[in-house]
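Here is the structure we will look at, set down as structure tokens.
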Amino acid sequence: MKKITLTKQIIFYIALISIWQLVSMTNIWPNNLFPSPYEVAEDLVYTASDGSLFFGIGTSILRLIVGLAIAIAGGMILGIFMARVEIVNQTIGSLVLGLQSIPSVAWVPLAILWFGLTDGGIIFVTAIGSMFSVTIATYNGVKNINPHYIEAARNMGAKGTQLATYVLIPAAFPYLISGFKQGWAFAWRGVIGAELLFSFLGLGFLLNVGRQLNDISQVFAIMLVIMMVGIAIDGIIFKRLENKVMSRWGLR
Amino acid sequence: MTKLEAKNIVKYFKHDSHRLTALGGVNLQIEDGEFVCLVGPSGCGKSTFLRIVAGLETPDEGEILFDGKPVTTTGPERIIVFQEGALFPWLKVQDNVEFGLKMAGIPKEERSQISKRYLDMMQLTKFADSYTYQLSTGMKQRVAIARALVMDPDVLLMDEPFAALDAQTRDLLLVEMQLIWEKTKKTILFVTHNVTEATVLGTKVAVFSNRPSTIKKIINVDYKRPRLVEDQNLFPLQQEILSELRPEVKKS
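Chain order of the listed sequences is A and B. Number 168 in the working numbering belongs to position 181 of the first sequence; there are no gaps in the numbering. Number 752 in the working numbering belongs to position 213 of the second sequence; there are no gaps in the numbering.
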């Protein structure tokens, strides 16, 4: 089953790249606007061989990890308080919904003014752009916990932080996973967006350099890399985590 | 010695706009080491009464005295076992059983010594490393009972713990429950809607009336153990309880 899917995917991508090659050969669009797959690959090899590609990937992922870690920690704490303390939900809860609707790049001007052109600013944008989706997922997760879990735990003497770490978070984990997934997607968009505007190392920066140099194959190449890193993180980390949790919790 | 005393327990429920009196002044005195079964028509509030004894809900009038002191909150001396067990799916069987001990800050080695004893008593030793989704309903209920016994509570509160089990498993657990009671000398309060179950287990059967519920009659069951479900000698008692229950069920 899995093998067949993989075969289909391989055929699809070979076809896609062939069509791309054919289209670029027809010269419908000039070559400096629409590069051929070969030129993009050449550019990838070039940026890889001088190390700038890996340095860019590393920088972006590092920022992602730090920003996402802050977002997950802060988002979970806030979400638990919103779910367990009614007054917090009624007050901060409404603000969270509003803040979540702000696209992460809209935080960039504020971040530049507050942090200057530093890593801190980019991490701020990444964290704040993804924190509230984690908050909302945590809130929903904790609200949907089977109340008997909480009652049984309280009955056995769990309260406060003990209750949160040993019961609320693990019980809400199936929801948290989807929150983390959404959070990571927002964080990745946030990192790249911020790097574009900050123009300070990372994949977003390389993308911007490509634009400034009118180097269309670099733009294509970096976009491909951004996509592939995304697929890799999603597949390696989140898919596995999700599968494990779903079967453990008896949901599959 | 009186272990538990319910004094004129009244509990209201909000139903749409009007107020329903679920418990209309329940009085009950339970001696140390008694096995008291609570039977009544469905919706009469016997489970609510149990939850009030556990301290998970507060009565609108009256009070519960435990060893002569009023109950204000939930505590490890009164442990409740829920109908569906409310086991934590993110923990292995052994960790479920040790949960209360962990909350009490008992070190790991001591915890596993204690839990081994109860896992053994409930014939769960083989399943210590299983997750709950791998267990049958009967096994889960054994784990739930072990998890409660580990706390060494003075009073065990059981809320229709065998209602979801198939007949064979239930009959087996009814015998085991009697052995546990004889071995541990716990005071047990056991909610059930099954009259046979009540006469097999209880030293006393308290019959609840329909809403607003009070205790209509207390019937002593003075008969040798272990009692079996098919024992004809319990039949007259079961008829007596049913004749008390029938008019109440009709009213509901």
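Glycine included, every Cβ here is placed at the ideal spot set by N, Cα and C.
Within the region 107 to 153 of chain A, there are no complete beta strand (DSSP E) runs of at least 3 residues. Here B/A702 carries a coil assignment [DSSP, helix/strand/coil]. In this structure A/G54 touches A/G177 by the C-beta definition: roughly 7 Å separates them, less than 8 Å. Around the Cβ of A/Y25, a 10 Å sphere holds fewer than 16 other Cβ atoms; the residue is exposed. No Cβ-Cβ contact shorter than 8 Å links B/I780 with B/A745. At least one CB of chain A lies nearer than 8 Å to the CB of B/F621.
Here A/V72 is exposed. Its C-beta has fewer than 16 other C-beta atoms within 10 Å. Beta-bridge partners assigned by DSSP to B/Q568: B/E544. Secondary structure at B/T726: strand, using DSSP grouped into helix, strand and coil. Under the DSSP assignment, A/G45 falls outside any beta strand (DSSP E), being part of the alpha helix (DSSP H) whose first and last residues are 39 to 71. Inclusion of A/V83 and A/T125 in the CB contact set at 8 Å is not warranted, their separation being larger than that value. The three-state secondary structure of B/N759, taken from DSSP, is strand. Non-local beta-carbon contacts of B/L688 in its own chain, meaning distances under 6 Å to residues more than five positions away in sequence, involve Y657 in chain order. In the DSSP annotation of this structure, B/A745 is not part of any alpha helix (DSSP H); the continuous beta strand (DSSP E) holding it starts and ends at 743 to 747.
Unbroken alpha helix (DSSP H) runs of no fewer than 4 residues, entirely contained in the region 616 to 643 of chain B, are found at 632 to 642, following chain order. Per DSSP, reduced to three states, the secondary structure at A/G189 is helical. Flagged as an interface residue toward chain A: B/G639, by a C-beta distance shorter than 8 Å. For B/L604, there is no enclosing alpha helix (DSSP H); the residue is found in the beta strand (DSSP E) stretching over 600 to 605. With a cut-off of 8 Å on Cβ pairs, the region 222 to 231 of chain A is not in contact with the region 588 to 597 of chain B, counting fewer than three such pairs. Scanning chain A for C-beta atoms nearer than 7 Å to the C-beta of B/A643 yields G144, reported in chain order.
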